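Input: a single structure, listed below in structure tokens.
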Amino acid sequence: MSAKAVVRMPGEGKELNLAGKSLRFLVAGEDTKHTSMFDWTLPPGFFTGLHVHRVQEETFFVLEGECEWEVGGRKITATPGTYVFIPPGVPHNIGNASGKTARMIMTVSPPGHEHYFEELAKLVAQSSPPDAGAIAELRERYDTTQISTLRK
1407 MSAKAVVRMP GEGKELNLAG KSLRFLVAGE DTKHTSMFDW TLPPGFFTGL HVHRVQEETF
1467 FVLEGECEWE VGGRKITATP GTYVFIPPGV PHNIGNASGK TARMIMTVSP PGHEHYFEEL
1527 AKLVAQSSPP DAGAIAELRE RYDTTQISTL RK
């Protein structure tokens, strides 16, 4: 972890291509000991699938578009300005049921989830459709128990 402030001007920060859209690292484990933060663009029809974390806490704040989320059994239509905090143990599915791109800020605590996204981007780029077994193993290594299937 660095002991200096992190400033990201528009367009700065490591960027991955995930499901054909941008996921930009705003702050990661090398910068902080408490959280990681991402600027995540979700393509239409993308869903994480229902899953749960044992340790991680997540937050989401919608900037653009409309998302359809399931959090703790509750269905939510998330429009710009919608915020959700998900503590460990709460099943959730983050997705975009609209026909347009959606964009959000996501935090994950503790940090380290950036490594999950890096590995996932590589897996997804290797084959189409991606190897479901490899993705399941990756998710388990990064504190994610999948309950229903990922949809892209």
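When we follow my numbering, the leftmost residue of the sequence shown carries the number 1407, and every step to the right adds one. Cβ atoms here follow ideal geometry from the backbone N, Cα and C, with glycine treated the same way. Please read all numbers here as calculations on a predicted model, not as lab measurements.
Beta-carbon spacing of residue 1455, residue 1532 below 8 Å:
No, these two residues do not count as a Cβ contact at 8 Å.
Less than 6 Å between C-beta atoms, sequence neighbours within five positions excluded: which residues of the same chain meet that for residue 1516?
none
In terms of residue numbering, what span does the beta strand (DSSP E) encompassing residue 1547 cover?
Looking at the DSSP string, residue 1547 is not in any beta strand (DSSP E); the run it does join, the alpha helix (DSSP H), is 1538 to 1547.
Report the residue from 1472, 1534 and 1546 whose alpha carbon sits nearest the alpha carbon of residue 1425.
1534
Exposed unless 16 or more other CB atoms sit within 10 angstroms - verdict on residue 1442
By the neighbour-count rule (16 or more Cβ atoms within 10 Å), residue 1442 is buried.
Which residues in the same chain have their Cβ closer than 6 Å to the Cβ of residue 1502, if we skip the five residues on either side of it in sequence?
Once the five neighbours on either side are set aside, the close Cβ partners of residue 1502 are 1448, 1450, 1452, 1473 and 1508.
Drop a sphere of 10 angstroms on the beta-carbon of residue 1538, count the other beta-carbons inside from all chains shown, and report buried for 16 or more, exposed for fewer.
If you draw a 10 Å sphere on the C-beta of residue 1538, you find fewer than 16 other C-beta atoms in it, and that means exposed.
Counting only runs of 3+ residues fully inside the segment 1413 to 1495, write out the beta strand (DSSP E) ranges in chain order.
1421 to 1424, 1427 to 1433, 1442 to 1448, 1463 to 1470, 1473 to 1477, 1480 to 1484 and 1489 to 1492
Please tell me whether, using a cut-off of 7 Å, the distance from the CB of residue 1446 to the nearest non-hydrogen atom of the ligand ATP is below it.
Absence of the ligand ATP from the depicted structure is noted, as is the absence of any ligand whatsoever, leaving it without description.
Find the nearest neighbour of residue 1547 within the set 1555, 1409, 1521 and 1527, judged by alpha-carbon distance.
When only C-alpha atoms are compared, the closest one is 1521.
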